[in-house]
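4 protein chains.
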Amino acid sequence: MSRNWDEFLAPYKQAVDELKIKLRGIRSQCDLENEHSPIEFVTGRVKPVASILDKAFHKKVPEDKLETEIQDIAGLRIMCQFVDDIKQVVHLLRQRTDFTILEERDYITNKKASGYRSYHVVIEYPVQTIHGEKKIMAEIQIRTLAMNFWATIEHSLNYKYNGQFPEVLKKRLESLAEAAFHMDEEMTRIKLEIQEAQAYVVKKRGKNT
Amino acid sequence: MSRNWDEFLAPYKQAVDELKIKLRGIRSQCDLENEHSPIEFVTGRVKPVASILDKAFHKKVPEDKLETEIQDIAGLRIMCQFVDDIKQVVHLLRQRTDFTILEERDYITNKKASGYRSYHVVIEYPVQTIHGEKKIMAEIQIRTLAMNFWATIEHSLNYKYNGQFPEVLKKRLESLAEAAFHMDEEMTRIKLEIQEAQAYVVKKRGKNT
Amino acid sequence: MSRNWDEFLAPYKQAVDELKIKLRGIRSQCDLENEHSPIEFVTGRVKPVASILDKAFHKKVPEDKLETEIQDIAGLRIMCQFVDDIKQVVHLLRQRTDFTILEERDYITNKKASGYRSYHVVIEYPVQTIHGEKKIMAEIQIRTLAMNFWATIEHSLNYKYNGQFPEVLKKRLESLAEAAFHMDEEMTRIKLEIQEAQAYVVKKRGKNT
Amino acid sequence: MSRNWDEFLAPYKQAVDELKIKLRGIRSQCDLENEHSPIEFVTGRVKPVASILDKAFHKKVPEDKLETEIQDIAGLRIMCQFVDDIKQVVHLLRQRTDFTILEERDYITNKKASGYRSYHVVIEYPVQTIHGEKKIMAEIQIRTLAMNFWATIEHSLNYKYNGQFPEVLKKRLESLAEAAFHMDEEMTRIKLEIQEAQAYVVKKRGKNT
Numbered sequence: 027m028s029r030n031w032d033e034f035l036a037p038y039k040q041a042v043d044e045l046k047i048k049l050r051g052i053r054s055q056c057d058l059e060n061e062h063s064p065i066e067f068v069t070g071r072v073k074p075v076a077s078i079l080d081k082a083f084h085k086k087v088p089e090d091k092l093e094t095e096i097q098d099i100a101g102l103r104i105m106c107q108f109v110d111d112i113k114q115v116v117h118l119l120r121q122r123t124d125f126t127i128l129e130e131r132d133y134i135t136n137k138k139a140s141g142y143r144s145y146h147v148v149i150e151y152p153v154q155t156i157h158g159e160k161k162i163m164a165e166i167q168i169r170t171l172a173m174n175f176w177a178t179i180e181h182s183l184n185y186k187y188n189g190q191f192p193e194v195l196k197k198r199l200e201s202l203a204e205a206a207f208h209m210d211e212e213m214t215r216i217k218l219e220i221q222e223a224q225a226y227v228v229k230k231r232g233k234n235t
Numbered sequence: 027m028s029r030n031w032d033e034f035l036a037p038y039k040q041a042v043d044e045l046k047i048k049l050r051g052i053r054s055q056c057d058l059e060n061e062h063s064p065i066e067f068v069t070g071r072v073k074p075v076a077s078i079l080d081k082a083f084h085k086k087v088p089e090d091k092l093e094t095e096i097q098d099i100a101g102l103r104i105m106c107q108f109v110d111d112i113k114q115v116v117h118l119l120r121q122r123t124d125f126t127i128l129e130e131r132d133y134i135t136n137k138k139a140s141g142y143r144s145y146h147v148v149i150e151y152p153v154q155t156i157h158g159e160k161k162i163m164a165e166i167q168i169r170t171l172a173m174n175f176w177a178t179i180e181h182s183l184n185y186k187y188n189g190q191f192p193e194v195l196k197k198r199l200e201s202l203a204e205a206a207f208h209m210d211e212e213m214t215r216i217k218l219e220i221q222e223a224q225a226y227v228v229k230k231r232g233k234n235t
Numbered sequence: 027m028s029r030n031w032d033e034f035l036a037p038y039k040q041a042v043d044e045l046k047i048k049l050r051g052i053r054s055q056c057d058l059e060n061e062h063s064p065i066e067f068v069t070g071r072v073k074p075v076a077s078i079l080d081k082a083f084h085k086k087v088p089e090d091k092l093e094t095e096i097q098d099i100a101g102l103r104i105m106c107q108f109v110d111d112i113k114q115v116v117h118l119l120r121q122r123t124d125f126t127i128l129e130e131r132d133y134i135t136n137k138k139a140s141g142y143r144s145y146h147v148v149i150e151y152p153v154q155t156i157h158g159e160k161k162i163m164a165e166i167q168i169r170t171l172a173m174n175f176w177a178t179i180e181h182s183l184n185y186k187y188n189g190q191f192p193e194v195l196k197k198r199l200e201s202l203a204e205a206a207f208h209m210d211e212e213m214t215r216i217k218l219e220i221q222e223a224q225a226y227v228v229k230k231r232g233k234n235t
Numbered sequence: 027m028s029r030n031w032d033e034f035l036a037p038y039k040q041a042v043d044e045l046k047i048k049l050r051g052i053r054s055q056c057d058l059e060n061e062h063s064p065i066e067f068v069t070g071r072v073k074p075v076a077s078i079l080d081k082a083f084h085k086k087v088p089e090d091k092l093e094t095e096i097q098d099i100a101g102l103r104i105m106c107q108f109v110d111d112i113k114q115v116v117h118l119l120r121q122r123t124d125f126t127i128l129e130e131r132d133y134i135t136n137k138k139a140s141g142y143r144s145y146h147v148v149i150e151y152p153v154q155t156i157h158g159e160k161k162i163m164a165e166i167q168i169r170t171l172a173m174n175f176w177a178t179i180e181h182s183l184n185y186k187y188n189g190q191f192p193e194v195l196k197k198r199l200e201s202l203a204e205a206a207f208h209m210d211e212e213m214t215r216i217k218l219e220i221q222e223a224q225a226y227v228v229k230k231r232g233k234n235t
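Next up, the structure:
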């Protein structure tokens with residue numbers, strides 16, 4: 027059975043284009059109101075056909091179940107500066123009325139064995155087609171710049187070396203993931219200390235006047 | 027009273043960006059399915075502040091009623107090749123579930139005194155902001171390339187000469203509008219005749235076999 | 027002999043992307059300096075493989091001569107409001123130092139038999155690749171909105187009906203092209219008359235003061 | 027003396043738009059030829075007026091020397107996965123003929139006191155304006171994702187707290203910069219070991235056959 031992939035992927039491509047514009051809008055709005063944006067930048071992509079087939083093969087998904095079983099055919103990624111920005115992004119996603127959240131997976135509290143950290147939100151998004159409305163699934167990954175640094179490089183090594191790392195290298199990638207996470211934690215601590223120091227100065231100045 | 031225009035216009039800008047992506051999606055989808063696209067191209071803009079104030083002044087709209095009384099702060103324009111494409115575009119807009127149509131104004135059947143022709147659809151579109159959903163109005167103008175040719179040039183002359191045309195020039199612009207419309211009608215006739223000729227050939231071939 | 031079309035077309039795609047940004051810059055600059063922009067909008071495309079092969083076949087171009095014999099693999103189109111804007115655009119193109127003009131073809135003074143009007147400029151444009159500089163050819167078509175109206179529709183009819191118009195329909199398309207051109211001329215006359223009228227008013231006012 | 031900033035910045039904006047397209051083209055080309063791209067992504071911006079004035083004030087640059095003394099009014103940033111990608115990017119920049127390199131500053135070998143690491147290339151880029159060619163300066167910063175992670179956050183803290191870090195926090199930011207750099211080095215080591223291991227396997231397989 028041969029599938030017209032272009033037609034199959036068209037609503038996913040449309041969804042990715044729309045969601046990129048929508049999520050980037052959060053950043054513009056924060057900038058405009060002079061608030062700290064919990065979003066540093068947003069990227070999006072439709073999963074390449076080869077990767078869809080590969081995933082379907084490994085997860086034993088029959089070809090007519092791709093739409094419901096492969097959740098990340100449409101994929102969005104939101105990068106944050108600080109770990110606690112992630113919670114705020116999730117909060118903003120939950121209050122939206124233009125899609126429904128189906129599932130949340132917290133790989134930050136519960137990191138993967140590889141060392142991978144990110145917060146995944148699976149949504150159902152209505153796309154308007156010339157034949158009427160069509161609901162598709164999309165996955166939004168939310169992570170800090172440090173988590174993204176690690177994930178980008180792990181993905182690229184995995185891809186090039188086809189996942190065949192010797193055990194000793196795997197261990198090193200894991201400990202790198204930990205190092206990245208400690209950097210995130212330290213960044214947050216520094217931020218909080220500066221905020222406290224500033225609040226103290228403001229308070230003291232207030233008294234003197 | 028001074029208004030923060032950037033903040034006021036932000037949801038309109040967001041809506042225009044989203045609607046451009048959404049309406050252009052109709053064209054991509056038709057191309058993909060090898061159907062004639064009723065949409066040639068789509069443009070969009072947020073009305074400049076000076077034009078909003080100008081319009082509010084002439085229509086005697088108080089400043090706190092801009093959102094409900096000025097319908098084209100967010101403006102989209104859809105260009106079609108043939109007059110009958112316009113009907114099909116309106117049909118596609120009516121079946122969408124991502125906005126509500128508030129009003130339709132048919133300046134094709136009932137052209138304006140100046141000679142202006144277009145089909146206007148006023149919609150209510152929900153924008154997601156960091157403070158929750160906000161419904162705004164937007165105007166979608168649908169017209170043929172010939173109507174757009176005339177309207178673009180009339181607008182540019184109007185703008186440069188501040189609407190101060192002597193009566194005799196006004197008359198000439200009007201008759202130009204008619205010439206443009208006759209071109210549209212002639213284009214449609216040619217298209218239909220070719221389609222008929224082809225249908226005849228196909229039918230005849232069918233009999234011979 | 028099978029060709030890697032993606033690799034062959036890559037520098038053309040790059041050139042089209044760069045030239046779109048460059049030519050649209052002319053419009054932004056005019057807007058900024060409050061001058062009439064001779065450019066209304068700019069589009070660009072890389073010729074689809076099927077069209078390249080089709081053209082090569084009809085012009086008897088061998089496959090290893092495509093780069094030098096097919097001049098419009100990279101194609102840009104500049105739309106103007108008024109016929110005399112075209113001359114100004116050509117002037118602006120001639121003074122640029124980021125490409126070399128190889129040839130100009132004036133299908134406005136000398137329209138094609140079909141009724142087609144446009145000004146074509148063939149350029150040599152240096153693209154920077156990872157293997158060094160590569161000079162490619164590109165064609166820039168300059169035309170008014172009315173010429174574009176006609177050309178878009180003629181192209182679409184041609185494409186759908188495979189160029190098989192009966193003689194009588196061909197004649198009608200030709201006379202439509204003439205009608206479009208007369209509209210352009212009339213628009214120009216109107217513009218000039220208004221400018222004269224305004225200049226007269228300004229002069230008279232000057233005397234009274 | 028009041029300056030028309032929009033007009034002053036227009037060629038810088040044009041240059042940034044063109045250079046973004048040009049540098050992103052390197053990545054597309056590598057992807058197409060199935061080579062590792064030394065470029066992960068490219069961003070660009072025109073320096074905000076307030077930052078230009080601030081920098082001019084601190085560096086005591088008179089207002090008529092901005093064009094020659096402030097080198098980063100037009101700024102591009104190239105992000106790489108691995109430290110040794112940076113060298114390759116610099117090599118690709120040096121071989122281009124569409125701009126001239128004026129200066130290179132290697133803050134990787136010689137990091138700044140703050141801990142900042144990046145490779146800066148200052149170029150002279152010819153922009154085509156409606157008044158002829160104009161040469162402007164632009165700064166291209168090249169850095170790894172880890173260097174960018176640190177720099178983004180340091181910049182954001184600096185901006186929010188106006189550079190008023192207590193000495194102890196400064197020290198912690200510095201040691202974070204070192205941690206980020208060690209992660210880069212470790213990533214490179216892992217990459218090289220995997221490549222060696224693979225080369226060994228390929229060689230061994232060759233012998234057995």
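Protein chains in written order, with my numbering: chain A, 27 to 235; chain B, 27 to 235; chain C, 27 to 235; chain D, 27 to 235. All C-beta atoms, glycine included, are put in the ideal place defined by N, C-alpha and C. Since this is a predicted model, take the numbers as computed values, not measurements.
Here E44 (chain B) is buried, its C-beta having at least 16 other C-beta atoms within 10 Å. Residue state for R29 (chain B) is assigned as coil, using DSSP reduced to three classes. The count of Cβ pairs closer than 8 Å, one atom from the region 138 to 150 of chain A and one from the region 34 to 43 of chain B, stays below three, leaving the stretches out of contact.
Of all residues in the region 35 to 61 of chain D, only A36, P37, K39, Q40, D43, E44, K46, I47, K48, R50, G51, I52, S54, Q55, C56, L58, E59 and E61 come within less than 9 Å of chain C when Cβ atoms are compared, listed by chain position.
When beta bridges are read from the DSSP output, Y38 (chain C) appears opposite no residue. For Q167 (chain D), there is no enclosing alpha helix (DSSP H); the residue is part of the beta strand (DSSP E) that begins and ends at G158 to T170. Not flagged as an interface residue toward chain C: L218 (chain B), since no C-beta distance is shorter than 7 Å. No residue range can be given for T123 (chain B), since it is assigned to no beta strand (DSSP E) and is classified by DSSP as neither H nor E. Listed in chain order, the non-local C-beta contacts of I78 (chain D) below 8 Å within the same chain comprise L92, I96 and I99, local neighbours out to five positions each way being set aside. For chain C, the residues of the region 156 to 189 of chain B that bring a beta carbon within less than 9 Å of one of its beta carbons are T170, L171, A172, N174, F175, W176, T178, I179, S182, L183, K186 and Y187, in chain order.
With a threshold of 7 Å between beta carbons, A205 (chain B) makes contact with chain C.
A82 (chain B) and E89 (chain B) have their C-alpha atoms roughly 8 Å apart. Rounded to whole angstroms, D57 (chain A) and S63 (chain A) show a C-alpha spacing of 7 Å. In this structure the region 59 to 75 of chain D does not touch the region 122 to 138 of chain D; the number of beta carbon pairs closer than 8 Å is below three. No Cβ of chain C is located within less than 7 Å of the beta carbon of R120 (chain D). Contact with chain C is found for Q154 (chain D), since one of that chain's Cβ atoms lies less than 7 Å from the residue's Cβ. In the pairwise beta carbon analysis, the region 147 to 162 of chain A is classified as not touching the region 192 to 203 of chain A: fewer than three pairs are separated by under 8 Å. Shown here for T69 (chain D): same chain residues with a beta carbon closer than 7 Å to its own, the five before and five after excluded, namely R103 in chain order. Nearest C-alpha to N174 (chain B) among B:I52, B:I112, B:K46 and B:L218: B:I112. The closest CA to that of R122 (chain B), considering only A:G51, A:R29, A:G101 and A:E159, is found on A:E159. Judged by DSSP secondary structure, E150 (chain B) falls outside any alpha helix (DSSP H) and instead within the beta strand (DSSP E) spanning Y145 to T155. Just so you know, the alpha carbons of D80 (chain D) and N136 (chain D) end up roughly 26 Å apart. If you ignore the 5 residues before and after A206 (chain C), its C-beta comes within less than 7 Å of the C-beta of A172, M173, F175 and W176, all in its own chain and listed in chain order. Of all residues in the region 124 to 148 of chain A, only D124 place a beta-carbon less than 8 Å from a beta-carbon of chain B. The alpha-carbon of D124 (chain B) is positioned some 11 Å away from that of F125 (chain A). D32 (chain C) belongs to the set of residues whose beta carbon lies under 7 Å from a beta carbon in chain D.
Around the C-beta of T94 (chain B), fewer than 16 other C-beta atoms lie within 10 Å, and the residue is accordingly described as exposed.
In the DSSP annotation of this structure, the continuous segment of the alpha helix (DSSP H) that includes V75 (chain B) starts and ends at V75 to H84.
Checking the DSSP bridge columns, you'll see R103 (chain A) partnered with A:T69 and A:Q167.
Under the Cβ criterion of 7 Å, L195 (chain C) is counted among the residues facing chain B.
For E130 (chain A), DSSP records a beta bridge to A:V147. According to the DSSP assignment, T94 (chain A) belongs to the alpha helix (DSSP H) that extends over L92 to E95. Contacts with chain C at 7 Å (Cβ-Cβ) include M209 (chain B). In the three-state reduction of the DSSP assignment, E212 (chain C) falls in the helix class, which pools H, G and I. At a cut-off of 7 Å between C-beta atoms, E212 (chain C) counts as an interface residue with respect to chain B.
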